[in-house]
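In terms of my numbering, the sequence shown has 346 at position 362, counting the first letter as 1, and numbering is strictly consecutive.
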Amino acid sequence: MTFVEKIASCARHYSLLPSGAEPVGVGLSGGADSVALLLTMIEIGVSVKAFHCNFHLRGAESNRDEQFCRHLCETLGVELSVKHFDVARRMAETGESVEMACRSLRYEWWRNEGPKPFAVAHHSDDNIETLLLNLMRGSGLRGLKGMLPRNGEIVRPLLCVDRQEIESFLASRGQEYVTDSTNALSDFRRNRLRNCLLPELERLFPGAMEGIKRSVEALRGNFALYDSTLNSLRHRVLTRDGNIDLQLIALEADPATALLELTGLNISQCRDILRPDGTTSGRRAGKWVTDRNMLCLTDLQQEERMVFLHSEPFSLRRISPTEFSTIEKRSDTIFLDGDIVDPTLPLTLRPWRSGDRLSPFGMKGSRLVSDIFNDAKIGSVRRGEFPLLIDSDGKVLWVCGLRASRHYAVTKATTSILMIKYLPNGIEN
């Protein structure tokens, strides 16, 4: 079986490529792997669109790679999109390493603007490195399976071939490619593994690489069964609202860790969630947080924002003192002195913070908002459902939907009253 036939067979087996005329995106760096992927897709008969990232990390060499890709695609008659990235800015914004920033930027671009599916040039040697890196991190089967031929719309047709096969294929076609000079450096973990450890492992244990490749393939098959089994057990520990009952899941440590991986947490996070010492509430991992004996999905992306009382998530109505005396007073509604408060001015809506205090209506002094939550038996997970409404002086006017302050309260002298309802879902009851 030829190189192209081998990849075509792999693509059919895993249903990686479309059967019709729709194009496939190809990530093209100009290196041997991506050039081989592009040529192979064309020889298989797939319509392709190439995408090249210029991260400007290697000076003239980065621009050389871009020009090579432009010339190659022009020669092959392939449409090419090129995007320039500011990696330093990304790192400053996210705290990511150089490697992670580049990875995030290119995958975001490919997923947002590339055709579906989108092919990347990872091969079997890359999967060996991934397995060993995850093994050294303490991964479970989910990490040891390596990269899959398909991950959503990202496909990897070259996982069935290795780097030597790729180079032999390009030599047979007389096809040139560029070499990233940083690949020879051992500054990064993967490069150290590739340049130092794996050659020595193969020298000491001839055939080791081939054996690890077979292990990756076996683990991939085992993972499919493992994942299917875990999903069948999901209903045993999930509550109706999608949270996870930790009392049920923690009966045995190993199965519990495996079941928690259904949340997308890594094995270290799972073990931290399940550790028996200390409090069982407030442990955070990803978008999950423990609340007593439950593991709950919570939105950690809440941000402080400017709001107006006449727009979402509020509804505003001006009422008279007579109407005020007849209206039912509810926790989702607050009444402010309309003679004092200008509803056209912006206020701030934000999540509560440790140390926030409210001067409750009908009481003297102030109370910690956390104590108000505790009195209402609202755990750490649900507290995000009750944001704080803050005035321009920084005073907390309302724990929305729960407790109002005495600031700008309606008095006997008030002639115009603002009735504000909190409608987090945009629906008025």
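Where a beta carbon is used, it is the ideal one built from N, C-alpha and C, also for glycine. Since we're looking at a predicted model, the values are computed, not measured.
- The beta carbons of R173 and L89 sit no closer together than 8 Å.
- Considered as a whole, the stretch 164 to 224 harbours no complete run of any beta strand (DSSP E) with no fewer than 3 residues.
- Following the DSSP letters along the chain, one finds G9 inside the beta strand (DSSP E) bounded by residues 8 to 11.
- Distance from the CA atom of S(-7) to the CA atom of L125, rounded to whole angstroms, is 26 Å.
- A direct Cα-to-Cα measurement between N38 and M75 gives close to 16 Å.
- Around the beta carbon of G191, fewer than 16 other beta carbons lie within 10 angstroms, which makes this residue exposed.
- The continuous stretches of alpha helix (DSSP H) do not include D146, and DSSP gives it neither H nor E.
- By the C-beta criterion, the stretch 65 to 82 is judged not to be in contact with the stretch 131 to 140, since fewer than 3 inter-stretch pairs fall below 8 Å.
- For R289 and P101, the gap between their C-alpha atoms comes out near 37 Å.
- Ranked by Cα distance from H106, the first of E92, S18, C57, F153 is S18.
- Of the other Cβ atoms in all chains shown, 16 or more fall within 10 Å of the Cβ of I318; this residue is therefore buried.
- By the neighbour-count definition (other C-beta atoms within 10 Å, threshold 16), T24 is a buried residue.
- Cβ neighbours of E369 within its own chain (closer than 6 Å, five residues either side excluded): none.
- S350 sits close to S343, with the two beta carbons spaced by under 8 Å.
- Closest by C-alpha distance to T114, out of G11, E97, R42, L143, is L143.
- Counting the other CB atoms within 10 Å of its CB gives T274 a total of 16 or more, which places it among the buried residues.
- DSSP, reduced to helix, strand and coil, places I28 within a helical segment of the structure shown.
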